[in-house]
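Visitor: For the sequence shown, counting from 1, position 14 maps to 14 in my numbering; every step adds exactly one. The C-beta atom is built at its ideal place from N, Cα and C for all residues, glycine as well. Please read these numbers as outputs of a predicted model, since none were measured by experiment. After the structure tokens below, expect a handful of questions from me.
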Amino acid sequence: MKDKLEIRTTYCTHCTKDVQVAVSPGTPRNGQANLQESDEVICLDFGDACDGAICPLSQIRPIVMGVRLARSGLREEWTTVRAQCEGCGQINELKILDREHAFCPLCGTTNTWMVLKFDDDGKVAVTGRK
């Protein structure tokens, strides 16, 4: 996937700064006119500031942009939480997308997650799916 991407700089009105985006060409559809689906935008600067209702670059919820970035493999370092994935059942390092969602690199499931704190200063991360 990485070799087919075009990296561009564009201005994000939500973050009020220039950001790097990767644009992958849309996949051709089978049919008489071989139409292409729209290009898929992956913001390489996705992060904590992406907290609005709609991403101004993609016109979708920010969590979708986070999932696109996690699936793409374009970011090597992620903040992670060690927890059991609700999709595959494996305990591994889930990539934290935002305060409520984490991505499983093993199976591609987007989990909801939270940390439960105990009285003795212990804590545990728990996951689920909506």
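Measure the C-alpha to C-alpha separation of cysteine 133 and serine 72 and round it to an integer number of angstroms.
Guide: The structure shown does not extend to residue 133, since the chain is modelled only from 1 through 130, so no value can be given for it.
Visitor: Pull up the distance between the alpha-carbon of valine 19 and that of alanine 49, whole angstroms please.
Guide: A straight line joining the alpha-carbon of valine 19 with that of alanine 49 spans about 12 Å.
Visitor: Can you find the residues in the same chain that come closer than 7 Å, C-beta to C-beta, to cysteine 85, ignoring five residues on each side of it along the sequence?
Guide: Asn92, Leu94, Cys104, Leu106, Cys107, Thr109, Asn111, Thr127
Visitor: When you compare only the Cα positions, how much space is there between asparagine 34 and lysine 4?
Guide: Only weak support exists for where asparagine 34 lies, its pLDDT of 48 falling under 50; the value from the coordinates is given anyway. Roughly 19 Å separates the two Cα atoms.
Visitor: Out of Asp51, Thr13, Asp45, Asp120, point me to the one whose CA is closest to glutamate 76's CA.
Guide: Out of Asp51, Thr13, Asp45, Asp120, Asp45 has the C-alpha closest to the C-alpha of glutamate 76.
Visitor: Name the two residues that bound the continuous alpha helix (DSSP H) containing isoleucine 63.
Guide: 62-72
Visitor: In angstroms with no decimal places, state the Cα-to-Cα distance between glutamate 40 and threonine 10.
Guide: 15 Å
Visitor: Does arginine 8 pass the burial test, meaning 16 or more other C-beta atoms within 10 Å, or should it be called exposed?
Guide: exposed
Visitor: Using CA atoms only, rank isn't needed, just tell me which of Glu100, Arg61, Ala53 is closest to threonine 80.
Guide: Glu100
Visitor: Just tell me which of Lys117, Gln90, Trp78 has its CA closest to the CA of aspartate 98.
Guide: Trp78
Visitor: Please report how far the alpha carbon of valine 67 lies from the alpha carbon of phenylalanine 118, in whole angstroms.
Guide: 30 Å
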